[in-house]
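Asks:
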Amino acid sequence: MQHRVSGKKRSGIILRTSIISIITNVVLASVKFIIGSIARSISISNDAINNLSDALSSVITLIGTKLATKKPDKQHPLGHGRAEYMSSIIISIVVLYAGLTALFDSVRHIFHPEDVNYSMLSVMLVILGIIVKVVLGYYVRHVGKQTNSTALEDSGIDALLDAAVSVSVLLSIILNTVFHWNLEAWFGAVISLWIIKTGISMLRETISTILGKRFDSECVRSIHAICDSHPDVEGSYDLIIHDYGPEYAIGSVHISVPENMTAAEIDSLSREIQQEVYEKEHVVLSAIGIYSINETSEAIAEIRETIQRITEADSRILQLHGFYCDLTNHIIRFDIIVSFSVKNRSDVIKEVYNKLKALYPDYEIMIALDSDISD
Numbered sequence: 293m294q295h296r297v298s299g300k301k302r303s304g305i306i307l308r309t310s311i312i313s314i315i316t317n318v319v320l321a322s323v324k325f326i327i328g329s330i331a332r333s334i335s336i337s338n339d340a341i342n343n344l345s346d347a348l349s350s351v352i353t354l355i356g357t358k359l360a361t362k363k364p365d366k367q368h369p370l371g372h373g374r375a376e377y378m379s380s381i382i383i384s385i386v387v388l389y390a391g392l393t394a395l396f397d398s399v400r401h402i403f404h405p406e407d408v409n410y411s412m413l414s415v416m417l418v419i420l421g422i423i424v425k426v427v428l429g430y431y432v433r434h435v436g437k438q439t440n441s442t443a444l445e446d447s448g449i450d451a452l453l454d455a456a457v458s459v460s461v462l463l464s465i466i467l468n469t470v471f472h473w474n475l476e477a478w479f480g481a482v483i484s485l486w487i488i489k490t491g492i493s494m495l496r497e498t499i500s501t502i503l504g505k506r507f508d509s510e511c512v513r514s515i516h517a518i519c520d521s522h523p524d525v526e527g528s529y530d531l532i533i534h535d536y537g538p539e540y541a542i543g544s545v546h547i548s549v550p551e552n553m554t555a556a557e558i559d560s561l562s563r564e565i566q567q568e569v570y571e572k573e574h575v576v577l578s579a580i581g582i583y584s585i586n587e588t589s590e591a592i593a594e595i596r597e598t599i600q601r602i603t604e605a606d607s608r609i610l611q612l613h614g615f616y617c618d619l620t621n622h623i624i625r626f627d628i629i630v631s632f633s634v635k636n637r638s639d640v641i642k643e644v645y646n647k648l649k650a651l652y653p654d655y656e657i658m659i660a661l662d663s664d665i666s667d
């Protein structure tokens, strides 16, 4: 698992990286505007615009990080962490705008080409700009992954895209100088389409996170492993995690424990699990539900095995858990997870209920439908 930093240290790293990115991009943009004006090169001028969009992305990241670190208040009791996701959306829109602007300018110059005049100095500065953007892009993206900052990762990707744009500019310069082929507008159009595609992908990913996409599988498996590592826990289920920003997530889970455990023992066990999960995964388990296990007789074990065979034979059913059988009061209850691929999942519950009612007509059968929320 990749080491991540958190808290004030995380905010400080993000702010420092953003400032470095802003200064670098402003300097590059200024130099390229001057070169583009002298050489009358639309591709170099567009490249300068891309550098300015990177600087703007870093400014947005700064603002988003500052807002996200605000303490919880009465109106936002769960904090402001999702402000980082909003800044990622704005950065994605900036990337899209830069791509569309470059595309329109490139198409215009395809139909109305202009003569360009490159000097050796302009070529050397373009090469230097490529090197700087590649180093900056990988650095910002690495820090983004390290700090779990989507906005910073997006800024790093944007910087690498700008480097690709600069490579196309360099290639068009070479072709123009050697063969006198003025193809910079065509190169600009192709790269612009790539930038637009990347902007759409970035926007889709961030929106998916805000809507509540499936939580990180590695984190989910780790939380299940923590719960299951306790001797009294015979299984953990129904893990739900709500993402309130890169630094704050709230979840709930059910654990299966013997029915003879006391409330004091369950309380102590729950607190241990909550503390361990928070320390290792930085997820607050606000609630731990209980499934009681009472498979203490052959009759109960036989009923469970029968129900298990019925559910396992149905490919639409992914899991059975929370089984409890009360022989005295004739009650059977359990939960089943039905795949999201099933159009009408309640029909599966009805089919299982009818089969079991035929086998155990004297029993009250209670089946709860669960969803495949986490891995």
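Under this note's numbering, think of the first position of the sequence shown as 293, with each following residue one higher.
Backbone N, C-alpha and C define an ideal beta-carbon position, used for all residues, glycine too.
Out of I355, E476, M412, T361, which one is the CA nearest neighbour of D339?
Replies: Among I355, E476, M412, T361, the Cα nearest to that of D339 belongs to E476.
Asks: In its own chain, which residues sit with a C-beta less than 6 Å from the C-beta of Y529, not counting the 5 before and 5 after it?
Replies: Hits under 6 Å: H546, H613.
Asks: Let me know if K324 comes out buried or exposed under the rule of 16 or more other beta-carbons within 10 Å of its beta-carbon.
Replies: It counts as buried.
Asks: Which partner residues does A541 have in the DSSP bridge list?
Replies: Paired residue(s): D535, V575.
Asks: Following the continuous beta strand (DSSP E) through L612, name the residue where it begins and the one where it ends.
Replies: 609 to 618 is the span of the beta strand (DSSP E), which, as asked, contains L612.
Asks: Rounded to a whole number of angstroms, what is the C-alpha to C-alpha distance between R506 and H574?
Replies: Taking the straight line from one Cα to the other gives about 17 Å.
Asks: What did DSSP end up calling F403 once you bin it into helix, strand or coil?
Replies: Helix, per DSSP.
Asks: Between E590 and I623, how many whole angstroms is the CB-CB distance? I'm expecting something under 8 Å.
Replies: That pair is no contact at about 18 Å.
Asks: Quick one: is G304 buried, meaning 16 or more other Cβ sit within 10 Å of its Cβ, or exposed?
Replies: Exposed, since its Cβ has fewer than 16 Cβ neighbours within 10 Å.
Asks: Using the C-alpha atoms, what's the distance from L370 back to L344?
Replies: L344 and L370: Cα-Cα distance of roughly 34 Å.
Asks: Can you tell me where the alpha helix (DSSP H) holding R625 begins and where it ends?
Replies: No alpha helix (DSSP H) contains R625, which is instead part of the beta strand (DSSP E) from 623 to 630.
Asks: With a threshold of 16 other CB atoms inside 10 Å of the CB of H372, please say whether the residue is buried or exposed.
Replies: H372 comes out buried.
Asks: Please report the residue range of the alpha helix (DSSP H) in which L661 lies.
Replies: That residue, L661, is in no alpha helix (DSSP H); its beta strand (DSSP E) goes 656 to 663.
Asks: Would you say the stretch 565 to 574 touches the stretch 516 to 534, given that touching needs at least three Cβ pairs under 8 Å?
Replies: Taking 8 Å as the limit for Cβ pairs, the verdict is that the stretch 516 to 534 does touch the stretch 565 to 574.
Asks: Which partner residues does I483 have in the DSSP bridge list?
Replies: Its beta-bridge partners do not exist; DSSP assigns none.
Asks: Tell me the DSSP secondary structure of G581 in three-state form.
Replies: It is a strand residue.
Asks: Roughly how many whole angstroms lie between the Cα atoms of H404 and Q367?
Replies: C-alpha separation (whole angstroms): 55 Å.
Asks: What's the gap between the Cα of S548 and the Cα of D627?
Replies: Computed Cα separation, rounded: 12 Å.
Asks: For the pair the stretch 429 to 436 and the stretch 307 to 325, tell me if three or more CB-CB distances fall below 8 Å.
Replies: Touching, yes, given that three or more Cβ pairs across the two stretches are closer than 8 Å.
Asks: Report yes if the C-beta distance between Y616 and R625 is below 7 Å; otherwise report no.
Replies: Yes, Cβ-Cβ distance for Y616 and R625 is below 7 Å.
Asks: If you drop the 5 nearest sequence neighbours on each side, which residues of the same chain put their C-beta closer than 6 Å to that of S349?
Replies: Taken in chain order, the residues that qualify are I383, V386, S447, D450.
Asks: Measuring only the C-alpha atoms, how far is S393 from S380?
Replies: At residue 393 the sequence reads Thr, which differs from the Ser that was named. Cα to Cα, the separation comes out at about 20 Å.
Asks: Does the Cβ-Cβ distance between L435 and A455 come in under 7 Å?
Replies: The identity of residue 435 in the sequence shown is Val, whereas the question assumes Leu. Not in contact: V435 and A455 (Cβ atoms no closer than 7 Å).
Asks: Report the three-state DSSP secondary structure of S548 (helix, strand or coil).
Replies: S548: strand per DSSP, three-state reduction.
Asks: Among I602, T309, V319, I582, which one has its Cα closest to the Cα of Y645?
Replies: Of I602, T309, V319, I582, the residue nearest in Cα terms is I602.
Asks: Taking the alpha-carbon positions, what's the L307 to I659 distance?
Replies: About 51 Å.
Asks: Going along the chain, which residues of its own chain have a beta-carbon closer than 8 Å to the beta-carbon of L619, five neighbours each way excluded?
Replies: Closer than 8 Å at the Cβ level, and outside the excluded window around L619, lie S589, A591, I592.
Asks: Unbroken alpha helix (DSSP H) runs of length 4 or more, entirely within the stretch 389 to 450: which are they?
Replies: Those alpha helix (DSSP H) runs which fall completely within the stretch 389 to 450 and span 4+ residues are 412 to 439.
Asks: In the DSSP assignment, find the unbroken alpha helix (DSSP H) run with V512 in it and report its ends.
Replies: From DSSP, the alpha helix (DSSP H) with V512 extends over 509 to 520.
Asks: When you compare each of Y652, N552, G543 to R596 by their alpha carbons, which one comes out closest?
Replies: Answer by Cα proximity: Y652.
Asks: Give me, in chain order, the residues of the same chain whose beta-carbon lies closer than 7 Å to that of P364; leave out the 5 immediate sequence neighbours on both sides.
Replies: Only L370, G371 meet the Cβ criterion.
Asks: Short of 8 Å in beta carbon distance, which residues of its chain neighbour V482, apart from the five on each side in sequence? Order them along the chain.
Replies: Correct list, in chain order: S460.
Asks: If you measure between the beta carbons of I422 and S464, is that distance less than 7 Å?
Replies: No, the pair does not count as a contact, with Cβ atoms beyond the cut-off.
Asks: Determine whether the beta carbon atoms of G537 and A360 lie at a separation below 7 Å.
Replies: Yes, the Cβ-Cβ distance between G537 and A360 is below 7 Å.
Asks: Looking at T501: is its Cβ nearer than 7 Å to the Cβ of L444?
Replies: No. Outside cutoff.
Asks: Y377 by DSSP, collapsed to three states: which one?
Replies: In this structure, Y377 counts as helix in the three-state DSSP scheme.
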